[in-house]
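Written out below as structure tokens is the structure these notes cover.
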Amino acid sequence: MGVRSALCWVSLCFVVVGRFGSAGAQDLTPLIAECASGGSAELLTSCQSAVLAAQAIRGGIAISDAAGAELSGSSSTIGRRLGSTPRVGLDLRFRVARFSMPDMVGGGPGIAADNDVYVYGIKGSVAVGVFDGFSWMPMVGGMLSLDLLASGSLLFLGESDGFSGNEAIGSIGGRLGGIRESFSLPGLTVSAMRSFGQQVNWADDLDVTRIDTDISTTSVRAVVGKDFFILGVFGGFEWNWDQGEMRVQVPDPTIPRGEGISQMGDLTTRRTVYFAGVSIIRLVWTLS
158 MGVRSALCWV SLCFVVVGRF GSAGAQDLTP LIAECASGGS AELLTSCQSA
208 VLAAQAIRGG IAISDAAGAE LSGSSSTIGR RLGSTPRVGL DLRFRVARFS
258 MPDMVGGGPG IAADNDVYVY GIKGSVAVGV FDGFSWMPMV GGMLSLDLLA
308 SGSLLFLGES DGFSGNEAIG SIGGRLGGIR ESFSLPGLTV SAMRSFGQQV
358 NWADDLDVTR IDTDISTTSV RAVVGKDFFI LGVFGGFEWN WDQGEMRVQV
408 PDPTIPRGEG ISQMGDLTTR RTVYFAGVSI IRLVWTLS
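Mind the numbering: the sequence shown is residues 158 to 445 in my numbering, read in order.
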């Protein structure tokens with residue numbers, strides 16, 4: 158819920174609607190080949206599934222934190238209150254996300270089937286308006302206006318899915334205004350955020366297949382939105398670059414005590430995400 162046109166507004170978001178677009182990554186062949194070197198042919202298949210699972214875990218957790226607008230139902234910078242006094246925006250969101258990864262727990266030899274993982278989380282954000290921007294003409298302003306942004310998330314990862322603990326993520330960045338929302342025009346902003354999380358550790362039931370991956374993401378997004386009386390709509394897209402170290406350890410299905418281990422220190426994956434949302438505006442509160 159959010160307070161509009163005040164020094165401080167607070168919002169509570171229950172649902173963010175998003176859809177994954179295209180995804181691209183560095184060539185994973187060297188990582189798979191390193192894991193499978195010296196092992197059986199079946200180990201190559203297991204290593205492929207483990208590397209793809211590691212990529213899915215990192216991307217799924219990063220998207221669970223970063224997808225959607227920076228502040229619930231907000232498509233304009235908040236600017237300053239009076240003169241040089243900045244506005245401050247506070248935001249609290251409850252998040253539910255789902256992603257798929259190869260089922261390394263019950264898959265056995267061969268290509269692993271997909272397993273759906275559900276992530277639940279809570280995210281708090283703060284925005285500080287530092288520059289009101291420029292006006293093209295009366296009723297058309299906010300060009301190059303600037304907000305500073307920071308956020309913190311706690312994502313709950315299930316032990317039944319193989320995770321050893323929950324994930325905390327902190328983010329910092331800024332939001333640049335294109336047009337501030339007015340009676341006749343929608344709001345438009347472009348933002349950039351850098352997120353840092355703890356290392357995520359995953360293991361199967363016997364603790365013989367292990368995946369460790371860093372969570373570090375750079376996000377660039379564009380958001381456009383407009384309020385229509387008590388109803389507001391917004392949408393946009395974002396590019397996410399997931400970066401950091403990734404390590405997998407897989408047992409060889411046919412060689413006793415055989416295993417494949419692989420580690421890559423700087424693996425980058427890029428994803429495009431589209432999202433949309435609806436907000437209900439009541440007096441000075443926004444529910445989206």
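The beta carbon of each residue, even a glycine, is placed where N, CA and C say it ideally should be.
These figures come from a predicted structure and were not determined experimentally.
Looking at the strands, I want to know which residues DSSP matches up with Asn323. In the sequence shown, the residue the question calls residue 323 occupies position 166. Looking at the DSSP assignment, Asn323 forms no beta bridge with any residue, so it has no partner.
According to DSSP, is Ser241 part of a helix, a strand, or is it coil? In the sequence shown, counting from the first residue as 1, residue 241 sits at position 84. Here Ser241 carries a coil assignment [DSSP, helix/strand/coil].
Which partner residues does Pro408 have in the DSSP bridge list? As a working mapping, residue 408 is identified with position 251 in the sequence shown. According to DSSP, which records beta bridges pairwise, Pro408 is partnered with Glu416.
Short check: CB of Val430 to CB of Phe391, under 8 Å? Here residue 430 refers to the residue found at position 273 of the sequence shown. Here residue 391 refers to the residue found at position 234 of the sequence shown. No.
Using only the alpha-carbon positions, how far apart do Val380 and Asp423 sit? What you label residue 380 is simply residue 223 of the sequence shown in a count that begins at 1. What you label residue 423 is simply residue 266 of the sequence shown in a count that begins at 1. Using only the alpha carbons, I get a separation of about 30 Å.
Inter-residue Cα distance where the pair is Gly264 and Val357: Here residue 264 refers to the residue found at position 107 of the sequence shown. Here residue 357 refers to the residue found at position 200 of the sequence shown. With a pLDDT of only 49 at Gly264, under 50, the local geometry of the prediction cannot be trusted, and the value read off the model is given with reservation. Cα to Cα, the separation comes out at about 21 Å.
Secondary structure at Val208, three-state DSSP: helix, strand or coil? Numbered from 1 along the sequence shown, position 51 holds the residue referred to as residue 208. Here Val208 sits in helix by DSSP.
Give the single residue among Asp184, Arg237, Glu316 and Leu239 whose Cα lies nearest to the Cα of Asp362. Counting from one through the sequence shown, the residue named residue 362 turns up at place 205. For Asp362, the nearest C-alpha among the options comes from Glu316.
What are the boundary residues of the alpha helix (DSSP H) that includes Ile189? Position 32 of the sequence shown holds residue 189. Secondary structure note for Ile189: its alpha helix (DSSP H) is the uninterrupted segment Thr186 to Ala193.
Under 8 Å, do Gly417 and Ala193 count as touching if we go by C-beta distance? The residue labelled residue 417 in the question sits at position 260 within the sequence shown. The residue labelled residue 193 in the question sits at position 36 within the sequence shown. Their beta carbons are under 8 Å apart, which means Gly417 touches Ala193 by this criterion.
Candidates Asp184, Ala198 and Ala190: closest to Ile412 by CA position: The count along the sequence shown starts at 1 and reaches residue 412 at position 255. Minimum Cα distance to Ile412 is reached at Ala198.
Using 8 Å as the threshold, is the C-beta distance between Gly434 and Ala226 below it? For the purposes of this step, residue 434 is taken as residue 277 along the sequence shown, with counting starting at 1. For the purposes of this step, residue 226 is taken as residue 69 along the sequence shown, with counting starting at 1. Between Gly434 and Ala226, the C-beta spacing is below 8 Å.
For Pro243 and Phe386, the rounded distance between their alpha carbons: For the purposes of this step, residue 386 is taken as residue 229 along the sequence shown, with counting starting at 1. For the purposes of this step, residue 243 is taken as residue 86 along the sequence shown, with counting starting at 1. Between Phe386 and Pro243, the alpha-carbon positions lie close to 26 Å from each other.
For Val357, the first and last residue of its enclosing beta strand (DSSP E): Within the sequence shown, the letter at position 200 stands for residue 357. Taken as a continuous stretch (DSSP letters only), the beta strand (DSSP E) holding Val357 covers Val357 to Ala360.
Helix or strand or just coil, what does DSSP make of Gly331? If you number the sequence shown from 1, residue 331 lands on position 174. In this structure, Gly331 counts as strand in the three-state DSSP scheme.
Can you give me the C-alpha to C-alpha distance between Val297 and Asp369, rounded to a whole angstrom? Stepping through the sequence shown from its first residue, residue 297 is reached at position 140. Stepping through the sequence shown from its first residue, residue 369 is reached at position 212. The straight-line gap from Cα to Cα measures roughly 49 Å.
Evaluate the contact criterion for the stretch 270-278 versus the stretch 226-241: three or more CB pairs, one atom per stretch, below 8 Å. Below 8 Å, too few C-beta pairs join the stretch 270-278 and the stretch 226-241 to call them touching: fewer than three.
Let me know the secondary structure DSSP gives Ile218 once reduced to three states. Residue mapping note: residue 218 aligns to position 61 of the sequence shown, counting from 1. DSSP, read as helix, strand or coil, puts Ile218 in helix.
Please report how far the alpha carbon of Asp260 lies from the alpha carbon of Met421, in whole angstroms. Here residue 260 corresponds to residue number 103 of the sequence shown, with the count starting at 1. Here residue 421 corresponds to residue number 264 of the sequence shown, with the count starting at 1. Their backbone Cα atoms lie some 22 Å apart in a straight line.
Alpha carbon to alpha carbon, how far is Arg428 from Trp398? Give it in angstroms, no decimals. In the sequence shown, residue 398 corresponds to position 241, counting from 1. In the sequence shown, residue 428 corresponds to position 271, counting from 1. If I take the Cα positions, the gap works out to 7 Å.
Measure the C-alpha to C-alpha separation of Thr366 and Thr346 and round it to an integer number of angstroms. Numbered from 1 along the sequence shown, position 209 holds the residue referred to as residue 366. Numbered from 1 along the sequence shown, position 189 holds the residue referred to as residue 346. Taking the straight line from one Cα to the other gives about 44 Å.
Helix, strand or coil, according to DSSP, for Leu200 in the structure here? The count along the sequence shown starts at 1 and reaches residue 200 at position 43. Taken through DSSP and simplified to helix, strand or coil, Leu200 comes out as helix.
Please give the ranges of any beta strand (DSSP E) in the stretch 232-317, keeping only runs that are unbroken, at least 3 residues long and fully inside the region. Inside the stretch 232-317, DSSP marks whole beta strand (DSSP E) runs of 3 or more residues at positions 245-259, 271-288 and 303-313, from first to last along the chain.
Can you tell me which of the three DSSP states Ala213 falls into? Here residue 213 refers to the residue found at position 56 when the sequence shown is read from its first residue. Helix at Ala213.
Tell me whether Ala224 sits in a helix, a strand or coil according to DSSP, three-state version. Counted from its first residue, the sequence shown places residue 224 at position 67. In the three-state reduction of the DSSP assignment, Ala224 falls in the coil class, being assigned neither a helical nor a strand state.
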